[in-house]
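So the protein sequences, as listed, match chains Y and H.
Residue 165 in the numbering used here is what sits at position 165 of the first sequence, and the numbering runs on without skipping anything.
Residue 56 in the numbering used here is what sits at position 56 of the second sequence, and the numbering runs on without skipping anything.
Glycine is no exception: its CB is placed at the ideal position from the N, C-alpha and C atoms.
There are 2 protein chains.
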Amino acid sequence: MIRRLSQARERGIPEATVARLPLYLRALNGMAERGLATVSSEDLAVAAGVNSAKLRKDLSHLGSYGTRGVGYDVEYLIYQISRELGLTQDWAVAIVGVGNLGRALANYGGFVSRGFRVAALLDADPEVVGDRIAGLNVEHIDELEAVIRRRGVSIVVLATPAAAAQQVADRVVAAGITSILNFAPVVLSVPEGVDIRKVDLSIELQILAFHEQRKTDRMTGGPAMAEEWPEAVDL
Amino acid sequence: MIRRLSQARERGIPEATVARLPLYLRALNGMAERGLATVSSEDLAVAAGVNSAKLRKDLSHLGSYGTRGVGYDVEYLIYQISRELGLTQDWAVAIVGVGNLGRALANYGGFVSRGFRVAALLDADPEVVGDRIAGLNVEHIDELEAVIRRRGVSIVVLATPAAAAQQVADRVVAAGITSILNFAPVVLSVPEGVDIRKVDLSIELQILAFHEQRKTDRMTGGPAMAEEWPEAVDL
DNA sequence: CTCACTTTGTGCATCGGTTCACAAAGGGAC
DNA sequence: GTCCCTTTGTGAACCGATGCACAAAGTGAG
Ligand SMILES: NC(=O)c1ccc[n+]([C@@H]2O[C@H](COP(=O)([O-])OP(=O)(O)OC[C@H]3O[C@@H](n4cnc5c(N)ncnc54)[C@H](O)[C@@H]3O)[C@@H](O)[C@H]2O)c1
Ligand SMILES: NC(=O)c1ccc[n+]([C@@H]2O[C@H](COP(=O)([O-])OP(=O)(O)OC[C@H]3O[C@@H](n4cnc5c(N)ncnc54)[C@H](O)[C@@H]3O)[C@@H](O)[C@H]2O)c1
Chain Y
1 MIRRLSQARE
11 RGIPEATVAR
21 LPLYLRALNG
31 MAERGLATVS
41 SEDLAVAAGV
51 NSAKLRKDLS
61 HLGSYGTRGV
71 GYDVEYLIYQ
81 ISRELGLTQD
91 WAVAIVGVGN
101 LGRALANYGG
111 FVSRGFRVAA
121 LLDADPEVVG
131 DRIAGLNVEH
141 IDELEAVIRR
151 RGVSIVVLAT
161 PAAAAQQVAD
171 RVVAAGITSI
181 LNFAPVVLSV
191 PEGVDIRKVD
201 LSIELQILAF
211 HEQRKTDRMT
221 GGPAMAEEWP
231 EAVDL
Chain H
1 MIRRLSQARE
11 RGIPEATVAR
21 LPLYLRALNG
31 MAERGLATVS
41 SEDLAVAAGV
51 NSAKLRKDLS
61 HLGSYGTRGV
71 GYDVEYLIYQ
81 ISRELGLTQD
91 WAVAIVGVGN
101 LGRALANYGG
111 FVSRGFRVAA
121 LLDADPEVVG
131 DRIAGLNVEH
141 IDELEAVIRR
151 RGVSIVVLAT
161 PAAAAQQVAD
171 RVVAAGITSI
181 LNFAPVVLSV
191 PEGVDIRKVD
201 LSIELQILAF
211 HEQRKTDRMT
221 GGPAMAEEWP
231 EAVDL
């Protein structure tokens, strides 16, 4: 009996691979909607915007789910990737900080689509607490621990001002949360074992500006030769 | 005469370094506000949440701006990093798609702080066009090319629905833009020489879910042994 | 069954990035 | 000036990720 279960996946999928799986999943969902039954690594790679060898290596970390000469079964692969990412279960998400950004996130539909459900909104401002947004009542931050417990929240999205973020993160972690998505422009310090991912608009723009400057420099012939400190700032 | 100008920086700063420079800049600004005149690589590294050797190597790509035995002059380093990133000039940004997210971005203050200025808002919905948001008139997408030219826009933020993103990107690129920040969950295809950065909430959540699942699996003792395809989907 | 064709899965070379660890450089005390 | 202390800048080992290129595996025609 040849059981080739978890052949090449005793444990440990490379981080770079994990970051691409959602991309493959999105491309596969589009294909499933268009009625495709199977797809080759080449086609899927193009749809996901990656190299096909990389795609095959990524998928090989989950197991041997393709058929040589044919490709991958679309539905089956969707299931396997979803399972690997933990999307076959339902994740309750709390958004802390219901300002400009928090509201946009709360109203965002594409959120729910795949396993994630906004289960709570929390804010410190009494003006905001009690508002009804996207079918949810905004609750007071004092209720944080109780809300997390009661709603089974396991992922927290931080959308407070930068100054409040660390303090809120500390409470959230103390309440047992180990996965945080941070929108505030600060480096959060958390204990080992807590995963933080950050989304930082300002950093993205600065990276774009860097490359944009290089491009226009190249046009106008080299950097503007102003390598000197322009004003005599006390040094 | 020993001119050690652009000693170790003939051209080409590693991409990983570029992505961290904004982080250092942010930490340095905080220090400048608190009145610190100099900082060691160790202290700055802690503030930015990186290893100090990495920080020193990163900075060494810009030039030799530290003083052995002392550290780095805070103001001077702020200036050098800002210049390298292109933040000593002013960047005009256009936001295309003024829905939930576009509005939040337009109202976001931290945007302007460092060299970036929201110079135009564009939308296709006649209901939205003409609205006044954050002191700007929302203009019709038909005016895209004219607005980009007139306002000197060089970076475009895409906040349209996924279905419209590629089409808008094509027009934006045709209008001469080479830097795009994309919030729509699609893989955009653009000509070589155009830089795209994407911010994808859904991917971030999925990555968190993956790790969260691993953590709880470990608690409850290995994966739930459900390695089989649960329902007989036609394969 | 055999043969031609397609496509996967992976060994291997390569590359970019990280980290260690230390020589070289500078500051300040005396 | 000399000596000691601090901290930078970087060579070199290491590590993970990428991409080529191909053998192995499967399909389908005849
Ligand atoms: N708006 C954007 O487009 C945008 C973009 C990038 C980053 N950000 C960052 O996201 C965060 C939120 O931005 P915003 O524009 O929504 O700001 P905002 O001021 O509109 O909203 C912040 C909300 O957090 C609440 N808050 C403050 N302290 C709190 C606490 N201790 N506990 C709970 N809630 C608290 C406030 O009452 C407010 O409702 C900021 O850190 C900002 O830098 C925003
Ligand atoms: N809202 C969020 O928190 C959030 C989070 C992550 C990603 N996103 C993504 O950001 C994008 C915008 O999200 P949203 O919630 O603001 O959506 P939305 O529907 O509220 O806003 C989209 C806006 O784009 C405009 N638009 C449509 N087609 C256009 C075109 N061809 N040219 C110009 N404008 C056009 C619409 O009129 C609308 O005003 C979506 O792709 C969404 O998936 C949103």
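Collapsed DSSP secondary structure at residue i in the structure displayed
i	result
residue 65 of chain Y	coil
residue 13 of chain H	coil
residue 128 of chain Y	coil
residue 179 of chain H	strand
residue 71 of chain H	strand
residue 173 of chain Y	helix
residue 90 of chain H	coil
residue 195 of chain H	strand
residue 40 of chain Y	coil
residue 117 of chain Y	strand
Check whether residue i and residue j have beta carbons under 8 Å apart
i	j	result
residue 45 of chain Y	residue 55 of chain Y	yes
residue 209 of chain Y	residue 86 of chain H	yes
residue 124 of chain Y	residue 148 of chain Y	no
residue 122 of chain Y	residue 163 of chain Y	no
residue 71 of chain H	residue 40 of chain H	yes
residue 145 of chain H	residue 155 of chain Y	no
residue 254 of chain H	residue 120 of chain H	This structure does not reach residue 254 of chain H, given that chain H is present from 1 up to 235, and the question cannot be answered.
residue 25 of chain H	residue 116 of chain Y	no
residue 199 of chain Y	residue 199 of chain H	yes
residue 207 of chain H	residue 50 of chain Y	no
Pick from the options that is closest to residue i, judged by C-alpha positions
i	options	result
residue 132 of chain H	H/48, H/153, H/107	H/107
residue 171 of chain Y	Y/190, Y/220, Y/47, Y/218	Y/190
residue 159 of chain H	H/139, H/143, H/184	H/184
residue 241 of chain H	H/47, H/69, H/42	Because chain H in this structure spans residues 1 to 235, residue 241 of chain H falls outside the shown range and cannot be described.
residue 110 of chain Y	H/203, H/212, H/218	H/203
residue 61 of chain H	H/114, H/14, H/118	H/14
residue 75 of chain H	H/37, H/102, H/47	H/37
residue 165 of chain Y	Y/187, Y/153, Y/176, Y/205	Y/187
residue 78 of chain Y	Y/118, Y/49, Y/33	Y/33
residue 118 of chain Y	Y/80, Y/157, Y/126	Y/157
residue 143 of chain Y	Y/126, Y/201, Y/50	Y/126
Exposure of residue i, with buried meaning 16 or more beta-carbon neighbours within 10 Å
i	result
residue 16 of chain Y	exposed
residue 89 of chain H	exposed
residue 82 of chain Y	buried
residue 22 of chain Y	buried
residue 167 of chain Y	exposed
residue 130 of chain H	exposed
residue 84 of chain H	buried
residue 20 of chain H	buried
residue 69 of chain Y	exposed
residue 150 of chain H	exposed
residue 219 of chain Y	exposed
residue 216 of chain H	exposed
residue 176 of chain Y	exposed
residue 35 of chain H	exposed
Review point. Is it a yes or a no for the stretch 172-182 of chain H touching the stretch 192-201 of chain H, going by three-plus beta-carbon pairs under 8 Å?
Key: yes
**Study point:** the stretch 92-101 of chain Y contacting the stretch 63-83 of chain Y, beta-carbon criterion three pairs below 8 Å
**Key:** no
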